[in-house]
Amino acid sequence: DDPAFSKLVDNWENRLRITQSSIWAREPLLAFRRLIFGASGLGAQVGNCWLQYSKLCRLAGHYETANRAILEAQASGAPNIQMEKAKLLWSTRRSDGAIAVLQQSLLNMPVEVLGAAAISSITSLSLVPLNPPPIVCESQAPNENRDIAKTLLLYSRWTHYTGQKQKEAIISLYTRVKELQPKWEKGYFYMAKYCDEVLVDARKRQEENVELGPRLVPSNLNNEWSWWSYLPDVLLFYARGLHRGHKNLFQALPRLLTLWFDFGSMYLRSGSSKKDLKVVHKKIESVMGGCLKDLPKYHWLTVLPQLVSRICHQNADIVKLVKAIITSVLHQYPQQGLWIMAAVSKSTVPSRREAAAEIIQLARKGFSPGSNENILFGQFASLIDHLIKLCFHAGQSRARTINLSTEFSALKRMMPLGIIMPIQQSLTVNLPAYDGNLGDSLMSNIFSATDLPTISGIADEAEILSSLQ
């Protein structure tokens, strides 16, 4: 428990994470650490190195070597070898054995930590002989709580995947994971994914039953909740997961938006007069309003094209919130946001063009007159107009170049500009190492200033590419 030693081990783990996650890169490092820990009589740390090596072998498909590494870890006294052992069994398509290992591990855990509902769910379909009642433990370290939550989450996912438990039992397991680790992104994300699947299944069945007619619908389905009643919880779980981290950002946020937009369309088509649908609609608007307030702006930047595509959604409440989100992103990241808005701002559809102009104007008002950001908005609009004219310029017959100095002198005079070049490096979000205590002010540097080349000038001649038509 020496603080200096713990700090050293944490430092080593952080350094290992930045290496390439392959056997050839990490195996020598792990072997060297095993020698040091072994010479120091630190058996548990030696076992931990064996477990990490086992994981590398498993991911590379070297299952026999992975199994031997697990046995070495067990002999060294490593804690929590059950997780790696179960994952190895799962990878070799022995799903029952994998679930049984997790089940045995969970049944040996303190009853106060697992909770009565989770234990009841686990023992309802036991693949291993039941042990004596789980041990009662007066206290539980935070790391042990996290290990239990990881084990329980994996068990929940696999029992759901293999179809071994009913919906209520699965939900009680996921709920206990959230209770054990309320700040853990992964628990909320997989809870959301499961409830999302329940929603999709319910919607499919209910829409098919509507086509069959009420007389042909089984009586047990007549009492089932409407599929949209699951939606607020699904969106809330996705949102809470995003609020706690961004490891699943590219799965969770696009899905959250898709569900929101689809419900908005359905609400206008078929249910704005239904009382229960109105209640759900208000709950969803509340969740999405909370997302606008609480989620970092770089989250929204990753889905800005999806948001821009819905600025003319038929649901006025959705349009209002979408415009507010895009405006906030443009205010935080004007360089990247303006390039993404460029196409829609010049759309041939008047309603889309007007909506884009309104958003850009609102974002521009957020900057003081004469500031660099305010000037940027004016420069960008002018640049786009000139580039469109250049693209449609007829030129002289059979000419292979255009002299910009003479034919587009206004474009030449604009240079240099503070506008970034729209290259992948400048437009791709580099997600920061997440810390739940950090806000946008400390996370806004997802684009380093040195990585943003701006337009300093334009050549005198532009080449005309021959059309294939």
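For the sequence shown, my numbering gives the first residue as 4, with consecutive numbering after it. For each residue, glycine too, the CB sits at the ideal point set by N, CA and C. What you are looking at is a predicted structure, and each value in this text was computed from that prediction instead of being measured.
{"Query": "DSSP three-state assignment for N212, whether helix, strand or coil", "Result": "helix"}
{"Query": "T409 in three-state terms, based on DSSP", "Result": "helix"}
{"Query": "Sheet register partners of T457 (DSSP bridge)", "Result": "I423"}
{"Query": "Expected contact under 8 Å - CB spacing of L324 and M291 to nearest Å", "Result": "6 Å"}
{"Query": "Between the CA atoms of T330 and F370 - distance to the nearest angstrom", "Result": "12 Å"}
{"Query": "Neighbourhood of P456 by C-beta, 6 Å cutoff - its chain only, sequence neighbours within 5 removed", "Result": "M424"}
{"Query": "Closest Cα partner of L256 within the set L38, I387, L245", "Result": "L245"}
{"Query": "Nearest residue (CA-CA) to I343, options L365, E357, V306, V322", "Result": "V306"}
{"Query": "Integer Cβ distance of I422 from I449, believed to fall under 8 Å", "Result": "Contact doesn't hold; Cβ gap of about 19 Å is too wide."}
{"Query": "Beta-carbon proximity of N51 to A81, cut-off 7 Å", "Result": "yes"}
{"Query": "Cβ pair N375, E464 closer than 7 Å", "Result": "no"}
{"Query": "Beta-carbon separation (whole angstroms), L238 vs W263, contact threshold 8 Å", "Result": "7 Å"}
{"Query": "Residue nearest to K415 in terms of C-alpha spacing, selected from Q382, Q399, S400", "Result": "Q382"}
{"Query": "Sequence-distant residues of the same chain with beta carbon closer than 6 Å to G100, five excluded per side", "Result": "L92"}
{"Query": "Burial state of P282, where buried means 16 or more other Cβ atoms lie within 10 Å", "Result": "Reading off the sequence, residue 282 comes out as Val, not Pro. Exposed, because fewer than 16 other Cβ atoms sit within 10 Å of the Cβ of V282."}
{"Query": "The segment 151-161 in contact with the segment 179-191 per 3-pair CB rule at 8 Å", "Result": "yes"}
{"Query": "G340 versus H396 - alpha carbon distance", "Result": "27 Å"}
{"Query": "F266 beta carbon less than 7 Å from that of L295", "Result": "no"}
{"Query": "Alpha-carbon spacing of R401 relative to H389, whole angstroms", "Result": "23 Å"}
{"Query": "Three CB pairs or more closer than 8 Å across the segment 13-21 and the segment 38-48", "Result": "no"}
{"Query": "T404, DSSP secondary structure in three states", "Result": "strand"}
{"Query": "L190 versus G293 - alpha carbon distance", "Result": "Residue 190 is actually Gly in this sequence, not Leu. Straight-line Cα distance between these residues: approximately 20 Å."}
{"Query": "Per-residue DSSP class, three states only, for E227", "Result": "coil"}
{"Query": "Rounded straight-line distance, which links the Cα of R96 to that of R61", "Result": "13 Å"}
{"Query": "Nearest-angstrom Cα separation, counted from Q335 out to A473", "Result": "Nothing in the structure corresponds to residue 473, since the chain is present only between 4 and 472."}
{"Query": "Candidates K277, S124, Y164, I426: closest to V201 by CA position", "Result": "Y164"}
{"Query": "Cα-Cα separation, Q85 to K207", "Result": "38 Å"}
{"Query": "Beta-bridge partners of A465, as assigned by DSSP", "Result": "I405"}
{"Query": "For C315, the three-state DSSP class (helix, strand or coil)", "Result": "coil"}
{"Query": "Pairwise C-alpha distance: N17 and A34", "Result": "17 Å"}
{"Query": "Y66 beta carbon near the ligand HEM (any heavy atom closer than 6 Å)", "Result": "Among the components modelled here there is no ligand, and therefore nothing to report on the ligand HEM."}
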